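What follows is a set of notes on a single structure, which appears directly below.
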Amino acid sequence: MKIGIIGAGQLGRMLALAGYPLGLRFVFLDQSSDAPGGQVGKIIPGAFDDPDKLAELADEVDVVTFDVENVPVAAVEPIASSKPFLPPVKALGASQDRLHEKTLFRQLKIPTPEFMAVDSIEDLRAAVENIGLPGVLKTRRLGYDGRGQFYLKKPADIEAAWQALGTVPLIYEGFVDFSREVSIIGVRSTRGETLFYPLSANTHSQGILRYSIAPYRSASLQKQAETYMRRLLKHLDYAGVLTIEFFVRGGKLIANEMAPRVHNSGHWTIEGAQTSQFENHVRAILGLPLGSTRPNGHSAMMNFIGSIPELGNILRVSGVHFHSYGKEPRPNRKLGHCTINAPSPAARDRALQQLLRLKM
1 MKIGIIGAGQ LGRMLALAGY PLGLRFVFLD QSSDAPGGQV GKIIPGAFDD
51 PDKLAELADE VDVVTFDVEN VPVAAVEPIA SSKPFLPPVK ALGASQDRLH
101 EKTLFRQLKI PTPEFMAVDS IEDLRAAVEN IGLPGVLKTR RLGYDGRGQF
151 YLKKPADIEA AWQALGTVPL IYEGFVDFSR EVSIIGVRST RGETLFYPLS
201 ANTHSQGILR YSIAPYRSAS LQKQAETYMR RLLKHLDYAG VLTIEFFVRG
251 GKLIANEMAP RVHNSGHWTI EGAQTSQFEN HVRAILGLPL GSTRPNGHSA
301 MMNFIGSIPE LGNILRVSGV HFHSYGKEPR PNRKLGHCTI NAPSPAARDR
351 ALQQLLRLKM
(Lines of atoms letter the chains of each structure in order from A; the text may use other names.)
(Lines give C-alpha, C1' and ligand atoms only; values in the text may rest on other atoms or scores of the structure.)
Protein backbone atom coordinates (compact mmCIF):
# COMPACT_ATOMS: atom_id res chain seq x y z
CA MET A 1 0.00 0.00 0.00
CA LYS A 2 1.38 3.42 -1.00
CA ILE A 3 0.33 6.80 0.36
CA GLY A 4 0.98 10.00 -1.54
CA ILE A 5 1.65 13.13 0.49
CA ILE A 6 1.41 16.62 -0.99
CA GLY A 7 4.17 18.41 0.88
CA ALA A 8 7.39 16.85 2.08
CA GLY A 9 8.00 18.92 5.20
CA GLN A 10 8.64 17.57 8.67
CA LEU A 11 4.99 16.61 9.11
CA GLY A 12 5.09 14.47 5.98
CA ARG A 13 8.36 12.94 7.12
CA MET A 14 6.85 11.99 10.48
CA LEU A 15 3.79 10.51 8.76
CA ALA A 16 6.08 8.25 6.77
CA LEU A 17 8.12 7.29 9.83
CA ALA A 18 4.88 6.26 11.57
CA GLY A 19 3.64 4.33 8.54
CA TYR A 20 6.73 2.31 7.69
CA PRO A 21 6.32 -0.12 10.63
CA LEU A 22 2.83 -0.86 9.27
CA GLY A 23 4.33 -1.97 5.96
CA LEU A 24 3.31 1.21 4.12
CA ARG A 25 5.34 3.17 1.59
CA PHE A 26 5.25 6.87 0.77
CA VAL A 27 5.71 9.18 -2.19
CA PHE A 28 5.84 12.98 -1.83
CA LEU A 29 5.19 15.96 -4.07
CA ASP A 30 7.24 19.03 -3.20
CA GLN A 31 9.01 21.80 -5.06
CA SER A 32 12.10 21.24 -2.90
CA SER A 33 14.09 18.10 -3.64
CA ASP A 34 15.89 18.31 -0.28
CA ALA A 35 12.74 18.66 1.88
CA PRO A 36 12.67 16.49 5.04
CA GLY A 37 10.36 13.89 3.45
CA GLY A 38 13.14 13.01 1.01
CA GLN A 39 14.95 11.31 3.89
CA VAL A 40 12.26 8.62 4.04
CA GLY A 41 10.63 8.49 0.61
CA LYS A 42 10.70 9.51 -3.03
CA ILE A 43 9.97 13.15 -3.85
CA ILE A 44 8.32 14.05 -7.12
CA PRO A 45 9.62 17.58 -7.73
CA GLY A 46 6.86 20.02 -8.63
CA ALA A 47 4.52 22.77 -7.52
CA PHE A 48 1.34 21.99 -5.60
CA ASP A 49 -0.76 23.41 -8.45
CA ASP A 50 0.98 21.51 -11.26
CA PRO A 51 -1.72 19.19 -12.71
CA ASP A 52 0.79 16.89 -14.39
CA LYS A 53 2.84 16.40 -11.21
CA LEU A 54 -0.32 15.90 -9.13
CA ALA A 55 -1.51 13.28 -11.62
CA GLU A 56 1.90 11.59 -11.48
CA LEU A 57 1.67 11.41 -7.70
CA ALA A 58 -1.88 10.04 -7.79
CA ASP A 59 -0.93 7.40 -10.36
CA GLU A 60 1.77 6.01 -8.08
CA VAL A 61 -0.27 5.65 -4.89
CA ASP A 62 -3.47 4.23 -3.42
CA VAL A 63 -4.55 7.26 -1.39
CA VAL A 64 -3.48 10.91 -1.31
CA THR A 65 -3.13 13.16 1.75
CA PHE A 66 -1.27 16.40 2.53
CA ASP A 67 0.90 17.94 5.24
CA VAL A 68 0.19 21.62 4.50
CA GLU A 69 -2.95 23.69 3.92
CA ASN A 70 -1.69 25.81 1.02
CA VAL A 71 -2.66 23.20 -1.58
CA PRO A 72 -4.93 24.81 -4.19
CA VAL A 73 -8.38 23.23 -4.04
CA ALA A 74 -8.97 23.62 -7.77
CA ALA A 75 -5.73 21.77 -8.49
CA VAL A 76 -6.55 18.70 -6.39
CA GLU A 77 -10.24 18.36 -7.26
CA PRO A 78 -9.49 16.31 -10.41
CA ILE A 79 -7.46 13.70 -8.51
CA ALA A 80 -9.95 13.70 -5.61
CA SER A 81 -12.64 12.63 -8.08
CA SER A 82 -10.71 9.51 -9.07
CA LYS A 83 -8.56 8.63 -6.06
CA PRO A 84 -9.20 8.68 -2.30
CA PHE A 85 -8.10 12.16 -1.16
CA LEU A 86 -8.22 12.59 2.60
CA PRO A 87 -8.90 14.69 4.59
CA PRO A 88 -11.62 15.76 2.14
CA VAL A 89 -11.25 18.70 -0.21
CA LYS A 90 -14.13 20.42 1.61
CA ALA A 91 -12.06 20.54 4.81
CA LEU A 92 -8.98 21.76 2.97
CA GLY A 93 -10.93 24.59 1.41
CA ALA A 94 -12.57 25.66 4.66
CA SER A 95 -9.21 25.94 6.41
CA GLN A 96 -7.56 28.07 3.72
CA ASP A 97 -9.62 31.20 4.26
CA ARG A 98 -9.99 32.63 7.75
CA LEU A 99 -13.32 34.24 6.88
CA HIS A 100 -14.78 30.97 5.59
CA GLU A 101 -13.34 29.14 8.59
CA LYS A 102 -14.83 31.54 11.14
CA THR A 103 -18.15 31.54 9.28
CA LEU A 104 -18.21 27.74 9.44
CA PHE A 105 -17.48 27.84 13.18
CA ARG A 106 -20.35 30.28 13.66
CA GLN A 107 -22.66 28.05 11.56
CA LEU A 108 -21.81 25.07 13.79
CA LYS A 109 -22.27 27.13 16.98
CA ILE A 110 -18.58 26.96 17.85
CA PRO A 111 -17.69 30.19 19.71
CA THR A 112 -15.25 32.53 17.92
CA PRO A 113 -13.98 36.07 18.38
CA GLU A 114 -16.09 38.75 16.73
CA PHE A 115 -14.97 39.19 13.12
CA MET A 116 -15.63 41.14 9.93
CA ALA A 117 -14.31 40.91 6.37
CA VAL A 118 -12.03 43.77 5.33
CA ASP A 119 -11.48 44.68 1.68
CA SER A 120 -10.78 48.41 2.01
CA ILE A 121 -9.55 50.87 4.58
CA GLU A 122 -13.17 52.00 4.96
CA ASP A 123 -14.07 48.40 5.84
CA LEU A 124 -11.27 48.38 8.42
CA ARG A 125 -12.50 51.59 10.00
CA ALA A 126 -16.03 50.16 10.14
CA ALA A 127 -14.77 46.90 11.66
CA VAL A 128 -12.84 48.76 14.36
CA GLU A 129 -15.89 50.86 15.12
CA ASN A 130 -18.21 47.83 15.33
CA ILE A 131 -15.92 45.35 17.06
CA GLY A 132 -13.68 47.71 18.97
CA LEU A 133 -10.04 47.83 20.02
CA PRO A 134 -7.75 46.07 20.59
CA GLY A 135 -8.07 43.77 17.60
CA VAL A 136 -6.08 41.82 15.04
CA LEU A 137 -6.04 42.37 11.29
CA LYS A 138 -5.15 39.14 9.48
CA THR A 139 -4.69 38.02 5.92
CA ARG A 140 -7.53 35.67 5.05
CA ARG A 141 -5.19 33.22 3.32
CA LEU A 142 -1.68 31.84 3.86
CA GLY A 143 -1.09 33.32 7.31
CA TYR A 144 0.65 30.99 9.78
CA ASP A 145 3.31 31.06 12.51
CA GLY A 146 2.51 34.70 13.21
CA ARG A 147 2.80 35.84 9.59
CA GLY A 148 0.21 38.08 8.00
CA GLN A 149 -1.05 39.65 11.23
CA PHE A 150 -1.12 43.21 12.60
CA TYR A 151 -2.26 44.07 16.13
CA LEU A 152 -4.26 47.29 16.49
CA LYS A 153 -4.30 48.92 19.90
CA LYS A 154 -5.42 52.46 19.08
CA PRO A 155 -7.23 54.23 16.22
CA ALA A 156 -3.92 55.58 14.92
CA ASP A 157 -2.91 51.99 14.09
CA ILE A 158 -5.55 51.67 11.37
CA GLU A 159 -3.51 53.38 8.67
CA ALA A 160 -0.33 51.45 9.53
CA ALA A 161 -2.20 48.13 9.54
CA TRP A 162 -3.71 48.86 6.14
CA GLN A 163 -0.33 49.87 4.72
CA ALA A 164 1.21 46.63 6.03
CA LEU A 165 -1.44 44.17 4.84
CA GLY A 166 -3.92 45.95 2.60
CA THR A 167 -2.96 44.37 -0.71
CA VAL A 168 -4.90 41.13 -0.08
CA PRO A 169 -8.33 40.15 1.36
CA LEU A 170 -8.35 40.54 5.14
CA ILE A 171 -10.33 39.77 8.26
CA TYR A 172 -10.51 41.85 11.42
CA GLU A 173 -11.00 39.99 14.69
CA GLY A 174 -11.65 41.27 18.17
CA PHE A 175 -8.81 40.61 20.59
CA VAL A 176 -9.52 37.82 23.09
CA ASP A 177 -8.17 38.44 26.59
CA PHE A 178 -7.38 34.78 27.23
CA SER A 179 -5.79 32.94 30.12
CA ARG A 180 -4.41 30.04 28.04
CA GLU A 181 -4.14 28.76 24.51
CA VAL A 182 -5.04 25.10 24.09
CA SER A 183 -5.61 22.72 21.23
CA ILE A 184 -7.41 19.46 20.73
CA ILE A 185 -6.49 16.81 18.19
CA GLY A 186 -9.21 14.47 17.03
CA VAL A 187 -9.10 11.61 14.55
CA ARG A 188 -11.90 10.04 12.54
CA SER A 189 -11.54 7.08 10.20
CA THR A 190 -13.27 6.43 6.90
CA ARG A 191 -15.44 3.98 8.87
CA GLY A 192 -16.57 6.73 11.26
CA GLU A 193 -14.55 5.59 14.28
CA THR A 194 -13.66 8.73 16.26
CA LEU A 195 -11.15 9.34 19.06
CA PHE A 196 -9.71 12.39 20.81
CA TYR A 197 -6.36 13.16 22.38
CA PRO A 198 -6.28 15.10 25.64
CA LEU A 199 -5.95 18.85 25.37
CA SER A 200 -2.50 20.37 25.19
CA ALA A 201 -1.64 23.81 26.58
CA ASN A 202 0.43 25.84 24.12
CA THR A 203 2.85 28.71 24.60
CA HIS A 204 3.89 30.86 21.62
CA SER A 205 6.76 33.23 21.01
CA GLN A 206 6.47 35.81 18.20
CA GLY A 207 3.49 33.91 16.85
CA ILE A 208 5.34 30.58 16.63
CA LEU A 209 4.61 27.65 18.91
CA ARG A 210 7.42 27.42 21.47
CA TYR A 211 6.22 24.53 23.62
CA SER A 212 3.19 22.44 24.56
CA ILE A 213 2.34 20.46 27.66
CA ALA A 214 -0.07 17.54 27.82
CA PRO A 215 -2.37 16.32 29.06
CA TYR A 216 -3.87 19.65 30.09
CA ARG A 217 -6.38 18.32 32.56
CA SER A 218 -9.74 20.09 32.64
CA ALA A 219 -12.78 17.87 32.34
CA SER A 220 -14.98 20.82 31.43
CA LEU A 221 -12.71 22.17 28.69
CA GLN A 222 -12.07 18.67 27.33
CA LYS A 223 -15.81 18.08 27.04
CA GLN A 224 -16.35 21.42 25.29
CA ALA A 225 -13.50 20.78 22.86
CA GLU A 226 -14.71 17.28 21.98
CA THR A 227 -18.25 18.59 21.43
CA TYR A 228 -17.05 21.25 18.99
CA MET A 229 -14.67 18.83 17.26
CA ARG A 230 -17.46 16.28 16.72
CA ARG A 231 -19.55 18.95 14.98
CA LEU A 232 -16.74 19.71 12.56
CA LEU A 233 -15.90 16.06 11.89
CA LYS A 234 -19.51 15.22 11.12
CA HIS A 235 -20.17 18.32 9.01
CA LEU A 236 -17.05 17.77 6.90
CA ASP A 237 -17.51 13.98 6.64
CA TYR A 238 -13.94 13.93 7.80
CA ALA A 239 -11.26 11.25 7.71
CA GLY A 240 -7.83 11.82 9.23
CA VAL A 241 -6.45 13.99 12.01
CA LEU A 242 -8.06 17.38 12.66
CA THR A 243 -6.82 20.05 15.06
CA ILE A 244 -8.66 23.01 16.59
CA GLU A 245 -6.81 25.74 18.46
CA PHE A 246 -8.74 27.58 21.18
CA PHE A 247 -8.38 30.51 23.53
CA VAL A 248 -9.51 29.87 27.11
CA ARG A 249 -11.45 32.74 28.67
CA GLY A 250 -13.48 32.46 31.85
CA GLY A 251 -13.67 28.67 31.71
CA LYS A 252 -14.98 28.70 28.13
CA LEU A 253 -13.35 27.90 24.80
CA ILE A 254 -13.20 30.35 21.90
CA ALA A 255 -12.04 28.83 18.60
CA ASN A 256 -9.08 30.50 16.92
CA GLU A 257 -8.44 28.25 13.93
CA MET A 258 -8.43 24.70 12.68
CA ALA A 259 -5.86 22.63 10.80
CA PRO A 260 -7.01 19.65 8.68
CA ARG A 261 -3.81 17.71 9.27
CA VAL A 262 -1.38 16.50 11.89
CA HIS A 263 -0.26 19.43 14.01
CA ASN A 264 2.78 20.80 15.79
CA SER A 265 0.98 20.83 19.15
CA GLY A 266 0.49 17.06 18.80
CA HIS A 267 4.14 16.10 18.43
CA TRP A 268 4.13 15.05 22.09
CA THR A 269 2.01 12.05 21.06
CA ILE A 270 4.99 10.35 19.35
CA GLU A 271 6.37 9.22 22.71
CA GLY A 272 3.62 10.51 24.97
CA ALA A 273 0.56 8.59 23.76
CA GLN A 274 -0.11 4.94 23.09
CA THR A 275 -0.61 5.78 19.41
CA SER A 276 0.82 8.94 17.85
CA GLN A 277 -1.23 11.43 15.85
CA PHE A 278 0.85 10.45 12.81
CA GLU A 279 0.10 6.74 13.01
CA ASN A 280 -3.58 7.43 13.67
CA HIS A 281 -3.80 9.74 10.66
CA VAL A 282 -2.47 6.94 8.46
CA ARG A 283 -4.80 4.40 10.06
CA ALA A 284 -7.77 6.75 9.63
CA ILE A 285 -7.34 7.48 5.91
CA LEU A 286 -6.88 3.77 5.18
CA GLY A 287 -9.95 2.73 7.18
CA LEU A 288 -7.89 0.74 9.69
CA PRO A 289 -8.86 0.46 13.38
CA LEU A 290 -7.64 3.49 15.30
CA GLY A 291 -5.07 3.14 18.05
CA SER A 292 -5.56 4.26 21.64
CA THR A 293 -5.05 7.98 22.26
CA ARG A 294 -4.42 7.44 25.97
CA PRO A 295 -1.40 9.40 27.29
CA ASN A 296 1.70 7.68 28.64
CA GLY A 297 2.34 9.71 31.75
CA HIS A 298 2.97 13.46 31.39
CA SER A 299 4.55 15.03 28.33
CA ALA A 300 5.88 18.22 26.83
CA MET A 301 7.07 19.21 23.38
CA MET A 302 9.51 22.01 22.63
CA ASN A 303 10.35 23.40 19.19
CA PHE A 304 13.88 24.34 18.19
CA ILE A 305 13.48 27.51 16.11
CA GLY A 306 16.32 29.05 14.13
CA SER A 307 19.06 27.00 15.81
CA ILE A 308 19.52 23.81 17.85
CA PRO A 309 21.54 23.54 21.09
CA GLU A 310 24.43 21.12 21.33
CA LEU A 311 22.99 17.60 21.07
CA GLY A 312 24.74 16.30 24.18
CA ASN A 313 23.15 19.00 26.31
CA ILE A 314 19.71 18.10 25.00
CA LEU A 315 20.14 14.39 25.65
CA ARG A 316 21.33 14.96 29.23
CA VAL A 317 17.80 16.01 30.17
CA SER A 318 15.87 13.17 31.77
CA GLY A 319 13.05 11.72 29.67
CA VAL A 320 13.90 13.66 26.51
CA HIS A 321 13.52 12.40 22.93
CA PHE A 322 15.12 14.48 20.17
CA HIS A 323 13.84 14.83 16.59
CA SER A 324 15.85 16.67 13.94
CA TYR A 325 14.25 17.56 10.61
CA GLY A 326 17.53 17.83 8.70
CA LYS A 327 16.93 21.45 7.69
CA GLU A 328 19.48 24.21 7.19
CA PRO A 329 19.27 26.75 10.04
CA ARG A 330 17.71 30.15 9.39
CA PRO A 331 15.78 32.63 11.56
CA ASN A 332 12.28 31.57 12.66
CA ARG A 333 12.61 28.18 10.94
CA LYS A 334 11.48 25.06 12.82
CA LEU A 335 14.56 22.83 12.73
CA GLY A 336 13.47 20.09 15.09
CA HIS A 337 11.74 19.38 18.36
CA CYS A 338 12.08 17.30 21.45
CA THR A 339 9.49 15.58 23.55
CA ILE A 340 9.65 14.88 27.25
CA ASN A 341 7.87 11.99 28.86
CA ALA A 342 7.80 11.93 32.67
CA PRO A 343 5.97 10.11 35.48
CA SER A 344 4.59 13.33 37.02
CA PRO A 345 3.76 16.90 36.01
CA ALA A 346 6.51 18.20 38.30
CA ALA A 347 9.19 16.01 36.67
CA ARG A 348 7.98 17.03 33.23
CA ASP A 349 8.05 20.72 34.09
CA ARG A 350 11.57 20.47 35.57
CA ALA A 351 12.85 18.84 32.38
CA LEU A 352 11.12 21.42 30.22
CA GLN A 353 12.71 24.28 32.16
CA GLN A 354 16.13 22.65 31.67
CA LEU A 355 15.55 22.59 27.93
CA LEU A 356 14.31 26.18 27.82
CA ARG A 357 17.51 27.32 29.52
CA LEU A 358 19.79 25.72 26.91
CA LYS A 359 21.74 28.12 24.70
CA MET A 360 20.29 28.12 21.21
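Everything in the sequence shown is counted per full-length UniProt numbering, starting at 1 for the first residue and increasing by one.
Every residue, glycine too, gets a C-beta built ideally from N, C-alpha and C.
Fair warning: this is a prediction, and the values are worked out from it, not measured in the lab.
Using 9 Å as the threshold, is the C-beta distance between residue i and residue j below it?
i, j, result
"Arg298", "Ala219", "It is worth fixing the name first, because residue 298 is His in this sequence and not Arg. Contact flag unset, no."
"Pro295", "Pro198", "yes"
"Phe26", "Ile3", "yes"
"Thr65", "His323", "no"
"Ile308", "Met360", "yes"
"Ile6", "Leu86", "no"
"Thr339", "Glu279", "no"
"Ile305", "Pro84", "no"
"residue 421", "Phe105", "Within the shown structure, residues of the chain are numbered from 1 to 360, placing residue 421 beyond reach of any answer."
"Trp268", "Ser212", "yes"
"Lys334", "Ile185", "no"
"Val241", "Gln277", "yes"
"Asp67", "Gly19", "no"
"Glu245", "Asn202", "yes"
"Gly336", "Asn313", "no"
"Ser95", "Ala239", "no"
"Val89", "Val73", "yes"
"Phe196", "Thr293", "yes"
"residue 361", "Ser189", "Because the chain spans 1 through 360 in this model, residue 361 falls outside it and cannot be assessed."
"Leu133", "Lys154", "yes"
"Ala300", "Ala351", "yes"
"Leu137", "Phe150", "yes"
"residue 393", "Leu232", "Within the shown structure, residues of the chain are numbered from 1 to 360, placing residue 393 beyond reach of any answer."
"Arg98", "Arg140", "yes"
"Lys41", "Ala16", "Before going on, a small fix: residue 41 reads as Gly here, not Lys. Yes, the pair counts as a contact, with Cβ atoms nearer than the cut-off."
"Glu348", "Asn341", "A quick correction: the sequence has Arg, not Glu, at residue 348. Contact: yes."
"Leu29", "Leu54", "yes"
"Leu290", "Val317", "no"
Checking the sheet assignment: what are the DSSP bridge partners for residue i?
i, result
"Ile6", "Leu29 and Phe66"
"Ile340", "Ala300 and Val320"
"Asn202", "Glu181 and Ser212"
"Ala117", "Ile171"
"Ala273", "Pro295"
"Gly23", "Gly23 pairs with nothing; no bridge assigned."
"Ile244", "Ile184 and Met258"
"Arg249", "Lys252"
"Leu137", "Phe150 and Tyr172"
"Ala334", "Ala is not the amino acid found at residue 334; the sequence shown has Lys there. According to DSSP, Lys334 bridges with Ile305."
"Phe278", "The partner list for Phe278 (beta bridge, DSSP) is empty, contrary to what the question assumes."
"Phe85", "Val64"
Which stretch, first to last residue, makes up the beta strand (DSSP E) that contains residue i?
i, result
"Pro45", "Lys42 to Pro45"
"Leu253", "Lys252 to Ala259"
"Phe150", "Gln149 to Leu152"
Taking the alpha helix (DSSP H) that residue i belongs to, which residues open and close that run?
i, result
"Lys312", "It is Gly, not Lys, that sits at residue 312 in the sequence shown. Note, Gly312: alpha helix (DSSP H), Leu311 to Leu315."
"Leu355", "Pro345 to Leu356"
"Phe105", "Arg98 to Gln107"
"Thr227", "Ala219 to His235"
"Leu54", "Pro51 to Glu60"
"Glu77", "Val73 to Ala80"
Would you verify that the beta carbon of residue i is, or is not, closer than 9 Å to some beta carbon of chain D?
i, result
"Gln107", "Going by chain labels, chain D is absent from the structure shown, which holds only one protein chain."
> Below 8 Å, can you find three or more Cβ-Cβ pairs linking the segment 49-63 to the segment 32-39?
Replying inline: no
> Along the chain, which unbroken stretches of the alpha helix (DSSP H) at least 4 residues long are found entirely within the segment 155-196?
Replying inline: 157-165
> Using 8 Å as the threshold, is the segment 126-136 in touch with the segment 107-118, meaning 3 or more CB pairs across them?
Replying inline: yes
> Should the segment 260-268 be called in touch with the segment 155-168, which here means at least 3 C-beta pairs below 8 Å?
Replying inline: These segments do not touch.
>> For the structure I just gave you, are there three or more beta carbon pairs, one from the segment 101-117 and one from the segment 167-187, closer than 8 Å?
In response: yes
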